[in-house]
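Numbers in the working numbering are just positions in the sequence shown, counted from 1, shifted up by 15.
Reviewing the structure listed below.
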Amino acid sequence: MTDIHLSAAAVAVPGPDRGRKNHLFGPVADFLCLGGGGFALMAAMALLLPGRDAVPAVAVTMMVIANFINHPHFAHSYQIFYRGFGERLRGPGLSGRMRLRYAFAGIVVPAVLFAFLGGAILFKSVAFLGYALNFMGFVVGWHYVKQGFGIAMVDGAKSKRFYAPATRLAMLANGYACWIYTWVQSNRDMVSRRLWDIEYGDIPFDDGVLYAVAGIFAATSLWMVARLALDYWRDGRRFALNGLIGYLVALYAWMAFVQIDPLFVFIAPVLHSLQYLTVVWRFEANRASATVPAGPQESRFSRLAAFGIVGLLLGAMGFWLFPLLLDMVVPYDRAVFGSSLFLFVFWVFINIHHYFIDNVIWRRDNPEAKAHLFS
């Protein structure tokens, strides 16, 4: 589950001006999809649902919804990343550094993941698989906060309400601090200790480490609030509220305090994925308009529909069909690994790899992102 990785640089440089609007889809749609609607839903669930008694029903509901939101959001990142992959590596359209980034994320990372997970299975090391699960949590946390930061920067750029450099730095530092605090905390107090029969391989951080990272997170939170207040009251800056809400919700509701209600753990990944899909579908819609400029509206719609259908199918295959089939036909020691080894491997592989490929897609020096995210 993974998660967009939009760097500050990626959104600070606008793309073409043709038809650029102040929102991704509109003020209300952006509010609902980028974080505001999700926060309202979480608040309503906390008030109206009876806590742990509702966990089984909410967990099943979110698992069903994941097939239409979470899993396609992973699949879409693969569709975007590997579309024209060979040409990106060989052609003149990218800088040498960007070609290396594509090669690393698209070839080296999956090879390393395959070798590590395959080696853990070969040597029957459940502990190594548990640490792979821990590493998944590590990169997913990074991904959540960088996506929240990126959403704030994108919305600010779309509405031409840019953040001051010092404020961007404070927001980014706060995101990193939130990420580390949440990861340390999860190693001490994980709500769910297992994924598909494999136990989470935690790192025993002591109280001193937890208090230190919590203090840094609190300090950067105050710094971020102070910078926003200073910009607003002293400099008269106005902020793009939907993006700012998306940033705050991503850090505090989906990460730092997600464990205050057992229901939040199940709904946060869906809301994160919805936030991601909002950007992806704006990107794809702009790309369809740019690549079929004179064609009929039906042609652009057909291209978008095909993109969505392929994402649904790839998500179903990657998260369910292939791993379930392999669990049925491939012999392995079920006394050691349980009965869902390939479900575990596929889910961990996709979540980790998703972070690395997103780290390439949404960069400033990726001309496709510059051309289509803001057009």
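Glycine is no exception: its CB is placed at the ideal position from the N, C-alpha and C atoms.
Scanning its chain for C-beta atoms nearer than 6 Å, with the 5 sequence neighbours on each side dropped, one finds no residue around residue 223. Residue 166 has its alpha-carbon roughly 29 Å from the corresponding atom of residue 210. Secondary structure at residue 297: helix, using DSSP grouped into helix, strand and coil.
Distance from the CA of residue 275 to the CA of residue 215, rounded to the nearest whole angstrom, comes to 20 Å. Look at the beta carbons and you see the segment 346-354 touching the segment 133-146: at least three pairs across the two are nearer than 8 Å. Residue 248 is classed as exposed because its beta carbon has fewer than 16 other beta carbons within 10 Å across all chains shown. Distance check between residue 185 and each of 239, 373, 148 and 263 places 239 closest, using alpha-carbon atoms only.
Residue ranges of uninterrupted alpha helix (DSSP H) with 4 or more members, entirely inside the segment 318-351 and ordered along the chain, are 337-344. DSSP, read as helix, strand or coil, puts residue 275 in helix. In the structure shown, the three-state DSSP call for residue 218 is coil.
Collapsing the DSSP output to three states places residue 84 in coil. Inclusion of residue 331 and residue 319 in the CB contact set at 7 Å is not warranted, their separation being larger than that value. The segment 281-293 and the segment 69-84 touch, with no fewer than 3 CB-CB distances between them shorter than 8 Å.
Rounded to the nearest angstrom, the gap between the Cα atoms of residue 218 and residue 363 is 18 Å. In its chain, beyond the 5 residues on either side, 92, 95, 96 and 384 have a beta carbon closer than 7 Å to the beta carbon of residue 376. Counting other Cβ atoms within 10 Å of its Cβ, residue 63 stays below 16 and is therefore classed as exposed.
Classified as exposed, residue 253 has fewer than 16 neighbouring CB atoms from the shown chains inside 10 Å of its CB.
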